[in-house]
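Per my numbering, the very first residue in the sequence shown carries number 63; after that it's consecutive. What follows is a single structure, written as structure tokens, with notes after it.
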Amino acid sequence: MLYAILCVLTLINRRRLDADQCRSARSPYILFPMRETSLHDQEFQAHPMTWAEAPLAYPLVYLHDASITLDAWRDFVGRRMRGDDPTRLIIIRDRINIVHAMFAYRVDLDIKGQRQLCIAQLIVAQIPGSQIDRAIVASTGHIASDLGCAKITIEQPFEMSRRWPAQTGTAA
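In structure tokens, the structure reads:
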């Protein structure tokens, strides 16, 4: 999956858009409907998660981390559905509505001041084949394009181990 995402990111970066082309008059925090694409005819379809679909995604979340309760998941989704939170959720499901992947996204500025799409909370069910990977790459590409982002970043969480003492001083 990382190879496919890197290929798409390389294509996006090679377009070398200037900063003014990346800025949109639209607010980066409004959820735009995804364009109809060939993904609609494929095995997997990506679309914005609604409050009613939160329970459908919970089995995937539970498989990822069994310590997350349904109530905690609903609280997380509820915070993302409010208008004051810039993060939105996308689910990728099959034809019988089983959720196979999900991710959160938001728009941020890179060090050059250009808009970039930030992907977080990426959870993917491990299934044979690469269709789900292609659906993730295509959906992030469409969202980035719709929101006027020239780059896509994927956040990787870093958990501090209990073995590492907390740093209280500054580095010399």
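Using N, Cα and C, we set each Cβ at its ideal position, and we do this for glycine too.
### For residue 165, the three-state DSSP class (helix, strand or coil)
strand
### Query
What distance in whole Å lies between the Cβ atoms of residue 161 and residue 119, which are believed to be in contact at a cut-off of 8 Å?
4 Å
### Task
Label residue 202 either buried or exposed according to how many other C-beta atoms from any shown protein chain fall within 10 Å of its C-beta, with 16 as the threshold for buried.
buried
### Query
Any idea if residue 176 is buried or exposed, counting beta-carbon neighbours within 10 angstroms, 16 or more meaning buried?
buried
### Spatial distance of residue 199 from residue 206 (CA atoms)
11 Å
### Task
Just tell me which of 108, 218 and 164 has its CA closest to the CA of residue 125.
164
#### Entry: Beta-carbon proximity of residue 179 to residue 168, cut-off 9 Å
yes
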